[in-house]
Amino acid sequence: MQFLMSRIFSPHLLLAISCALYIVFGAMIFQRLEGQRLKEVRDEQIDNIKTSSDKYIDSIWELATKNADKLGSEEELVEFVKEKTRPNFDNYVDTDAPTWDFKTAVFFTSTLLTSIGYGFVVPSTFEGRLFGIIYSLIGIPLTLVTVANIAKFISERLFDLHYNFWKWMMQMLRKETQDLRPEGNLGLGTLFADDEDEAVCFGDLKISSHNTWPTLVFVLAGVILSTMSMDIVGRMYLKEIHYLGRKLQSNNPFYLLREAKAKRRRAVMASLLTTLARGMIFSHKDYHELARKRSRRKRERRGSHMLPNDKFLFARQPPDPPSDCQVISTSAYSVRLAWASAFTTEDTEITYNVRYRLKHYEDAKIRWLRGIKSNAVEIMSVDSCSLYEFRITAVSKYGESKPVYLVQYTEPQLSPQHILATKLSANTIELQWEPPYKRTHDVKNYIVYFTENPNASLSEWEKVAVHGRKVLVIRIQSRQACVNIQIKKTMRPRHC
1 MQFLMSRIFS PHLLLAISCA LYIVFGAMIF QRLEGQRLKE VRDEQIDNIK TSSDKYIDSI
61 WELATKNADK LGSEEELVEF VKEKTRPNFD NYVDTDAPTW DFKTAVFFTS TLLTSIGYGF
121 VVPSTFEGRL FGIIYSLIGI PLTLVTVANI AKFISERLFD LHYNFWKWMM QMLRKETQDL
181 RPEGNLGLGT LFADDEDEAV CFGDLKISSH NTWPTLVFVL AGVILSTMSM DIVGRMYLKE
241 IHYLGRKLQS NNPFYLLREA KAKRRRAVMA SLLTTLARGM IFSHKDYHEL ARKRSRRKRE
301 RRGSHMLPND KFLFARQPPD PPSDCQVIST SAYSVRLAWA SAFTTEDTEI TYNVRYRLKH
361 YEDAKIRWLR GIKSNAVEIM SVDSCSLYEF RITAVSKYGE SKPVYLVQYT EPQLSPQHIL
421 ATKLSANTIE LQWEPPYKRT HDVKNYIVYF TENPNASLSE WEKVAVHGRK VLVIRIQSRQ
481 ACVNIQIKKT MRPRHC
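If you're matching positions, the sequence shown starts at 1 in UniProt numbering and goes up one per residue.
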């Protein structure tokens, strides 16, 4: 249910629905504003027809009586009257007049918001034109964002479909699939690229009523596919053009002059630094000679500081490093360390420092934990599924001991956290763990795999299912056996 709701209320669908509702809203407003004006014009035309109907009949009678003798038959008379009265008839009868019905209004608002334009049906009232300006100020950005979003969504789906088909073909041909994913299919984007050229502006072209919806769908599809083609071209070539422009050497004289000034400035600075370095060397030598003379004079005035034969001086040394350093447990974002107290001959206060950083990264930042008084610590600010190096030292008022190094991987986010094994007896081990840090489903149970032969394959290991518990006791038959334990979790989908 949750998956279905997330699909229904996805941003792509909500954006498309909001744009469609905005188009329908504008069509209804235009139909209401312009439909009343169109009705008034039609009523006025009907009144004009009624007032001039008598004159029209009199003119027909006059033509018939005057030209009756000139025409030989009744059919010729009828054709003559039609030819003479046709201009007057066309002044009141327009078979191609615009109408503000719902389909025409939707077609007009769609072409208005997509910046295509449709001049056959346009607002004629002041209210309609003012509403069109305000309506387009909000609707054009919304429509452009919607079209770009839909085009990008379709292009990504086509890329995935093309890649999966390409991968399947390579598997069928038993070839390597690495580095075979294409950058894009330009033909898919340019399939309807000509639609934008054909539909830049309809002008006064009359769209028949039964072709309104197909024409609108064709126009919107062409706009979406044209946008998709531009997105594909930009994705493929924009970065290459950018770096190509940076590699081009400029022949601009101002650019060459600036480079020459920069070279001259660097040469002057290098000579200045060389002169300063020479002066510092000579000054250092002179200062060294002067300091040596002063120290000799002080020694002559101070006398000897040699201890007598019966006197001794003991030097205080830093404490020994901590012993039994080990990693108790790990999780996705924390590591627990423990150690034994450092050996010391005096009752001096000893604290511990922990330095840790990402291993195999030369520029990795070293972090500190200072003044730890206990023999255990939990480090929280670590990344998941990463290799860390820890240095533990003992500190007293006489100095700091040599470090003890520990290397440990942090757990992934989807694996059980803080796995702790406790020896209860000679052949009993108690396991404790915490649920995964990041999970999208409820944890139903855990499965523990164990074996006395570490070299055996996983299919040969014994397993025990733990239903809803976090503590598991495993009894080992052989006291000398080497046990390798692996914990896996199974999940139950969450039902709404």
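The C-beta atom is built at its ideal place from N, Cα and C for all residues, glycine as well.
First and last residue of the uninterrupted alpha helix (DSSP H) at residue i
{"i": "Q171", "result": "126 to 172"}
Secondary structure of residue i, DSSP reduced to three states
{"i": "V219", "result": "helix"}
{"i": "H467", "result": "strand"}
{"i": "N185", "result": "For N185, the predicted structure reports a pLDDT of 41, less than 50, and the residue's modelled location is therefore unreliable. A value from the coordinates is still provided. N185: coil per DSSP, three-state reduction."}
{"i": "S271", "result": "helix"}
{"i": "C385", "result": "coil"}
{"i": "D231", "result": "helix"}
{"i": "D195", "result": "Below a pLDDT of 50, predicted positions are generally treated as unreliable, and D195, at 39, falls in that range; the measurement from the model is reported next regardless. DSSP places D195 in helix when its eight states are reduced to three."}
{"i": "V24", "result": "helix"}
{"i": "F202", "result": "With a pLDDT of only 49 at F202, under the threshold of 50, the placement of this residue in the model should not be trusted; the figure read from the coordinates follows. Three-state DSSP puts F202 in coil, outside helix and strand."}
{"i": "A340", "result": "strand"}
{"i": "I116", "result": "coil"}
{"i": "Q178", "result": "Confidence at Q178 is low in this model, with a pLDDT of 46, below 50, so its placement is unreliable and no value can be given for it."}
{"i": "H418", "result": "strand"}
{"i": "E300", "result": "helix"}
{"i": "S18", "result": "helix"}
{"i": "S396", "result": "strand"}
{"i": "S226", "result": "helix"}
{"i": "R316", "result": "coil"}
{"i": "N445", "result": "strand"}
{"i": "L13", "result": "helix"}
{"i": "E462", "result": "strand"}
{"i": "S59", "result": "helix"}
{"i": "S295", "result": "helix"}
{"i": "D324", "result": "strand"}
Cutoff 9 Å: residue i Cβ touching any chain C Cβ
{"i": "D383", "result": "The question asks about chain C, but that chain is absent: this structure has only one protein chain."}
Residue range of the beta strand (DSSP E) that includes residue i
{"i": "V106", "result": "Element bounds for V106: not the beta strand (DSSP E) but the alpha helix (DSSP H), 102 to 113."}
{"i": "A431", "result": "According to the sequence provided, residue 431 is Leu. The question's Ala does not apply to it. 428 to 434 is the span of the beta strand (DSSP E), which, as asked, contains L431."}
{"i": "N353", "result": "351 to 358"}
{"i": "Y409", "result": "404 to 409"}
{"i": "L414", "result": "Element bounds for L414: n/a, residue is neither H nor E."}
{"i": "S334", "result": "Per DSSP, S334 belongs to no beta strand (DSSP E) and is neither H nor E."}
{"i": "R367", "result": "367 to 372"}
{"i": "E378", "result": "376 to 379"}
Residue i and residue j closer than 9 Å at C-beta
{"i": "S386", "j": "L358", "result": "yes"}
{"i": "R42", "j": "T125", "result": "no"}
{"i": "V354", "j": "T410", "result": "no"}
{"i": "W100", "j": "Q31", "result": "yes"}
{"i": "L220", "j": "T114", "result": "yes"}
{"i": "A270", "j": "L225", "result": "no"}
{"i": "L216", "j": "E127", "result": "no"}
{"i": "Y135", "j": "G26", "result": "yes"}
{"i": "N375", "j": "A421", "result": "no"}
{"i": "P123", "j": "G132", "result": "yes"}
{"i": "Q408", "j": "H418", "result": "no"}
{"i": "K397", "j": "T348", "result": "yes"}
{"i": "A465", "j": "I447", "result": "yes"}
{"i": "F107", "j": "M28", "result": "no"}
{"i": "T111", "j": "C19", "result": "no"}
Option in the options with minimal Cα separation from residue i
{"i": "T104", "options": "L137, S115, V121", "result": "V121"}
{"i": "L458", "options": "A465, V466, Y449, Y356", "result": "Y449"}
{"i": "A364", "options": "I154, E75, P416, F390", "result": "F390"}
{"i": "Q326", "options": "P214, I49, I392, Q413", "result": "I392"}
{"i": "Y352", "options": "M28, V377, G371", "result": "G371"}
{"i": "E362", "options": "N48, D383, Y388", "result": "Y388"}
{"i": "W368", "options": "H360, N375, I379", "result": "I379"}
{"i": "S331", "options": "R296, S384, N453", "result": "S384"}
{"i": "G399", "options": "P319, F107, L142, W168", "result": "P319"}
{"i": "A342", "options": "P403, R297, E83", "result": "P403"}
{"i": "V395", "options": "Q317, H360, L14", "result": "Q317"}
{"i": "P322", "options": "T344, M169, R302, Y333", "result": "T344"}
{"i": "F153", "options": "L15, V268, E83", "result": "L15"}
{"i": "L406", "options": "P454, E300, S329", "result": "S329"}
{"i": "L13", "options": "D160, V145, M170, L272", "result": "V145"}
{"i": "L21", "options": "E75, G139, N48", "result": "G139"}
Rounded distance between the beta-carbons of residue j and residue i, thought under 8 Å
{"i": "P435", "j": "L414", "result": "Going by Cβ atoms, the distance from P435 to L414 rounds to 11 Å, so no, they are not a contact pair."}
{"i": "A148", "j": "T274", "result": "Wrong, their Cβ atoms sit about 59 Å apart, outside the cutoff."}
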